[in-house]
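Heads up: the structure comes next, in structure tokens.
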Amino acid sequence: MTEQEERDAETNFLKCPGLSDISSDEEGTHKEMLKDRKKMLEQPALTEGAMERLLRESEARTEKKLGRKIQGLKNSIEEMGEHQRKMQQTVNDHETRLGNLEKGQKRSAKEKVEEERRICSRVVLRLKLPKKDIRIHAKNFIYTAALDPNGARKDTRLQAATFAETMFQVFQGVMSMNHQSWGSMTKMVFSAETVARDFDSLFDEQNNMQHPETGDQLRCVIPRTKEQTDAATKKWAVGVMGDAASSDQKKEEARKALQRLGVPLSEQPQPRAPEGDGDLVMGGTERDGQ
1 MTEQEERDAE
11 TNFLKCPGLS
21 DISSDEEGTH
31 KEMLKDRKKM
41 LEQPALTEGA
51 MERLLRESEA
61 RTEKKLGRKI
71 QGLKNSIEEM
81 GEHQRKMQQT
91 VNDHETRLGN
101 LEKGQKRSAK
111 EKVEEERRIC
121 SRVVLRLKLP
131 KKDIRIHAKN
141 FIYTAALDPN
151 GARKDTRLQA
161 ATFAETMFQV
171 FQGVMSMNHQ
181 SWGSMTKMVF
191 SAETVARDFD
201 SLFDEQNNMQ
211 HPETGDQLRC
221 VIPRTKEQTD
231 AATKKWAVGV
241 MGDAASSDQK
251 KEEARKALQR
261 LGVPLSEQPQ
271 PRAPEGDGDL
281 VMGGTERDGQ
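Residue 246 in UniProt numbering sits at position 246 of the sequence shown; the count goes up by one each step and never skips.
Printed below as a string of structure tokens:
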């Protein structure tokens, strides 16, 4: 092979697809290899062993430089992979938060509907109505109770009929039930809280009435609002935890109830051994109950 053919072969070698992206430093390394080989050809007095040694040294320098470049590329690839994993984790966390937010919104909407339905319902204890055509029977009961001269409303026939028809039109549901302790009862669900309060006008201030036909003593159970329920629960829990005679189980139930209401542990009343009138400590501040 002539010197020109050797140079052409080296040039073609450098044009291989796998080496097309080699950096300028690597190209310089290969040029050094060409120079080394050219020097070896220009020194015919060198022995074959010396030529092999020079060639190995040149290849070693090339491999060392390529090794550093390849390691740098590997490090960059690993860093890019780690960055990609972090970005994917960020995306996953964001999607999880959005999913939880959506679930929370749906749950809140459902709870709101359930709360509105609960507030619009009334349970009349000891009122037994036939299950067949129960809405008609409920309408007739309302008419009779509104017309009763001894009742709370004392309506005229026209007023009682109008009132009963209005109640009938806004019924969302009427259910007859039987409770183990209370016996017969009827639950009525109205379309709005204002309508339910109109129904309450059939009963006296204690929410009681005497059935105008059977003479049974009826009682209307009016559900508390969430605020009223929370206030009553908090009052009960504070009373239990402030009572030295309360059992540990009762105190634990009261503590959990306060936690459900969002009362921080530092603000929860802590019972202490009775001294004098058994003062109660709340949030580190002594209360005398006055």
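For glycine and all other residues, C-beta sits at the position ideal for the given N, C-alpha and C.
The model shown is predicted, which means the values in this text are computed figures rather than measured ones.
Residue range of the unbroken alpha helix (DSSP H) whose run includes residue i
i, result
"Val221", "Run containing Val221: none in the alpha helix (DSSP H); it sits in the beta strand (DSSP E), Gln217 to Val221."
"Ala232", "Lys226 to Met241"
"Asp248", "Asp248 to Arg260"
Residue(s) in a DSSP beta bridge with residue i
i, result
"Arg122", "Met188"
"Met209", "Leu218"
Own chain, CB closer than 7 Å to residue i, minus 5 neighbours either side, in chain order
i, result
"Val240", "Ser246, Lys250, Lys251 and Ala254"
"Tyr143", "Ala160, Ala161 and Ala164"
"Gly183", "Arg126"
"Asp155", "Ala146, Leu147 and Phe163"
"Arg68", "none"
"Glu213", "Thr144"
Cβ of residue i within 8 Å of any chain B Cβ
i, result
"Tyr143", "Structure shown: chain B not included; a single protein chain is present."
Expected contact under 8 Å - CB spacing of residue i and residue j to nearest Å
i, j, result
"Leu202", "Thr233", "Not a contact, Cβ separation roughly 29 Å."
"Ile136", "Ser176", "At roughly 13 Å, the Cβ-Cβ gap does not stay under 8 Å, so Ile136 and Ser176 are not in contact."
"Glu102", "Lys226", "Wrong, their Cβ atoms sit about 23 Å apart, outside the cutoff."
"Met188", "Arg122", "5 Å"
"Asp198", "Ile222", "Rounded, the Cβ-Cβ distance is 12 Å, inconsistent with contact."
"Asp204", "Ala152", "5 Å"
Nonlocal neighbours in the same chain, by C-beta distance under 6 Å from residue i, ignoring five residues either side
i, result
"Asn208", "Arg219"
"Phe168", "Lys139"
"Asp21", "Bear in mind that the predicted position of Asp21 carries a pLDDT of just 49, short of 50, making it unreliable; the figure below should be weighed with that in mind. The answer is none, since no qualifying residue turns up."
"Leu127", "Thr186 and Leu218"
"Val124", "Thr186, Leu218 and Cys220"
"His211", "Leu218"
"Pro130", "His137"
"Ala257", "Thr233 and Ala237"
Residues near residue i in its chain [Cβ-Cβ closer than 8 Å; skip 5 each side]
i, result
"Val263", "Lys234"
"Asp230", "Leu261"
"Gly276", "Annotation note: pLDDT 46 at Gly276 (below 50); position unreliable, coordinate value reported separately. Here the set comprises nothing."
"Val170", "Phe190, Ser191, Ala192 and Val195"
Could you tell me which whole beta strand (DSSP E) segments of length 3 or greater appear in the stretch 125 to 195?
171 to 179 and 183 to 190
Any alpha helix (DSSP H) of 4 or more consecutive residues that is wholly inside the stretch 55 to 96
none
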